[in-house]
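A short worksheet on the structure shown next.
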Amino acid sequence: MTYLHLITGQRPSKNPYLYTFSSPDIDKVSIFVSVKIDFINMRHTSVCGLLLLCVHFYFVNTGSSSHHVLRRETSPKSNHSARLGTSLEVSPTWYLSVGDTVEIKCYTHTDIKNNSDKMDLQLVWTKMGPGERTKKVLVSQQASKGFSYTLGPVTHEHQGVYTCDDDETLPDVYVHDWHRIIWVADDSPRASLDVISHNRTQFFHDEAFTVSCQLPDNNTQWKMMSFDDWLGNITECPNQVSSDRRLSCSGHSANPWSDVPYWCENPAGERSNALNISTTVVSVVMESPSLPVLEGEDVMLRCLHRSSTTNEITSNFRAIYYKNGRPIGHTTDGSIFTLKAVTKADEGVYKCRHPVDRDSPDSWITVKAGPDEDQKKKSDNKTS
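In terms of UniProt numbering, the sequence shown is residues 1 to 384.
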């Protein structure tokens with residue numbers, strides 16, 4: 001396992017960040033690089049370009065197809081004798097339907113002084129009910145072992161923020177906690193959220209985008225919300241605009257390797273669907289449906305590449321497409337790759353590969369039963 005740690009110095013909150021890149025190709029090597037970045041002016045500094053170049057060079061030369069990045073906010077105090085990182089993985093996806101089951105893995109990394117033998121690791125669940133942010137410890141186990149927790153079959157009650165953290169038995173060790181949101185979707189939410197600026201939810205670093213929520217009425221109490229997976233915070237989207245039963249919020253993909261779910265909600269507890277806006281520092285992303293698709297529909301995928309010198313985004317190259325890690329086809333001239341008349345069996349993790357600049361991030365495609373099939377299932381359930 002190879003780790004590349006990029007620890008930044010000064011930023012608006014004066015907290016550095018830890019980035020850890022893993023590669024299956026090189027074992028037992030650690031590289032530590034310390035750089036100072038002004039996050040406010042990072043678009044205008046050559047240091048930022050050097051940082052992104054280092055990350056790009058790392059992926060190209062290790063041959064790693066993994067885009068799994070461990071990064072947590074860290075603010076170690078002078079009395080901290082050591083640091084320890086945690087990671088939390090949700091599989092197969094964070095976006096669930098009632099009745100689904102997921103596996104949550106919580107474990108430690110970068111434990112140079114073996115402190116994980118002396119503390120417990122906890123999985124903490126913060127509920128997301130209307131006006132409710134109560135916390136509950138689901139698992140507590142020796143940190144060095146890590147653990148896997150099966151959640152399900154889920155109901156709407158299981159929706160919330162899940163955090164991998166320590167039990168604070170070693171106050172002199174600074175632990176980088178890890179947060180993920182788990183969303184349990186309504187069958188037919190009255191409000192619908194989509195990306196109106198692009199046909200994708202994956203973005204290159206510092207791209208602008210707009211998400212918009214189609215509202216069921218002119219009720220001004222609907223708000224656009226987002227989840228910060230760096231800090232575990234749920235906040236209202238700033239500068240949102242409401243017009244003609246539509247609520248919109250514009251932003252830009254600022255933090256490399258971030259995942260930011262957006263949704264709309266009202267004080268009564270109604271919610272729209274949720275969309276995850278992901279930012280990558282690699283040069284490849286994939287266009288794919290941002291919303292669940294119905295059985296029988298065609299699904300269109302397209303691989304995009306951004307030049308590191310001109311920032312031009314193109315698709316006229318040979319692209320290979322993958323489902324659940326296995327190749328399923330390719331295009332040669334930038335044309336769209338189409339999945340014909342999809343079924344539930346087509347649901348899964350998709351990505352594309354550029355011939356030189358590696359893979360896009362993973363994209364989960366959800367396939368739902370069509371109206372006729374859904375009605376048939378309800379009738380069968382009533383009969384039985």
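By construction, the Cβ of each residue, glycine as well, lies at the ideal position given by its N, Cα and C atoms.
When the Cα of Arg245 is compared with those of Tyr262, Cys264, Trp257, Pro216, which residue comes out closest? Looking at the Cα atoms, Pro216 is the closest of the given residues.
In angstroms with no decimal places, state the Cα-to-Cα distance between Leu88 and Cys164. 6 Å
8 Å Cβ shell around Gly160 - same chain, five flanking residues per side excluded: Trp125, Thr126, Lys127, Met128, Ile181, Ile182
Between the Cα of Cys106 and those of Ala274, Asp228, Val137, Glu157, spot the shortest distance and give me the residue it belongs to. Val137
For a test of the three-state rule: what should DSSP assign to Val115, helix, strand or coil? Contrary to the premise, residue 115 reads as Asn rather than Val in this sequence. Reduced to three states, the DSSP call for Asn115 is helix.
Looking only at its chain, what residues have a beta carbon closer than 6 Å to the beta carbon of Asp229, apart from the 5 residues adjacent to it on each side? His179, Asp259
Assuming contact is defined by CB atoms lying nearer than 8 Å, are Thr150 and Val184 in contact in what I supplied? Contact: no.
Can you tell which of Thr280, Pro267, Asp111, Ala143 has the C-alpha that lies nearest to the C-alpha of His305? Thr280
Can you tell me which of the three DSSP states Asp229 falls into? coil
Range covered by the beta strand (DSSP E) that runs through His301: According to the sequence shown, residue 301 is Leu rather than His. If you look at Leu301, you'll find it in the beta strand (DSSP E) that goes 299-306.
Where Asp346 and Pro292 are concerned, what is the direct C-alpha to C-alpha distance, given to the nearest angstrom? 12 Å
Beta-carbon spacing of Asp298, Ala254 below 8 Å: no
Rounded to whole angstroms, what's the CA-CA distance from Lys135 to Ser335? Just pull it up for me. 48 Å
Rounded straight-line distance, which links the Cα of Glu157 to that of Arg302: 36 Å
State the Cα-Cα distance for the pair Gly325 and Thr101, rounded to the nearest angstrom. 21 Å
Could you pull the DSSP bridge partners for Arg83 from this structure? Tyr174
What's the C-alpha gap between Leu96 and Asp166? 27 Å
Which residues DSSP lists as bridging His330, in chain order: Ile320
Going by C-alpha distance, which of Leu193, Arg200, Val211, Thr331 is nearest Arg271? Leu193
Which residue comes first and which comes last in the beta strand (DSSP E) that contains Glu287? Element bounds for Glu287: 284-287.
What does the Cβ neighbour count give for Ile277, buried or exposed, with the cut at 16 atoms within 10 Å? By the neighbour-count rule (16 or more Cβ atoms within 10 Å), Ile277 is buried.
Using three-state DSSP, classify Lys344 as helix, strand or coil. Residue state for Lys344 is assigned as helix, using DSSP reduced to three classes.
Which one of Val175, Ala274, Thr309 has the shortest CA to CA distance from Phe227? Ala274
Beta carbon of Val250 nearer than 8 Å to that of Thr201: Residue identity differs from the one stated: residue 250 is Ser in this sequence, not Val. Going by C-beta atoms, Ser250 is not nearer than 8 Å to Thr201.
Option in Glu103, Val90, Ala143, Ile104 with minimal Cα separation from Thr110: Among Glu103, Val90, Ala143, Ile104, the Cα nearest to that of Thr110 belongs to Ala143.
Which of helix, strand or coil DSSP assigns to Glu157: helix
What are the start and end residues of the beta strand (DSSP E) that includes Arg246? 246-252
Closest by C-alpha distance to Gly370, when choosing among Glu287, Asp187, Gln122, His176: Asp187
When DSSP builds the beta bridges, which residues end up paired with Trp125? Lys136, Tyr162
Helix, strand or coil at Thr309 according to DSSP, with G and I counted as helix: coil
Out of Ser242, Ser212, Asn239, which has the shortest C-alpha to C-alpha gap to Tyr262? Ser212
Once DSSP output is grouped into helix, strand and coil, what is the label at Gln221? coil
By the three-class DSSP mapping on this structure, what secondary structure does residue 385 have? The structure shown does not extend to residue 385, since the chain is modelled only from 1 to 384, so the question has no answer here.
Count the other CB atoms, across all protein chains shown, that sit within 10 Å of the CB of Ile313; report buried if there are 16 or more and exposed otherwise. exposed
Terminal residues of the continuous beta strand (DSSP E) containing Gln202? 202-204
Less than 8 Å between the C-beta atoms of Ala191 and Cys264, yes or no? With respect to Cys264, Ala191 sits close: the two C-beta atoms are nearer than 8 Å.
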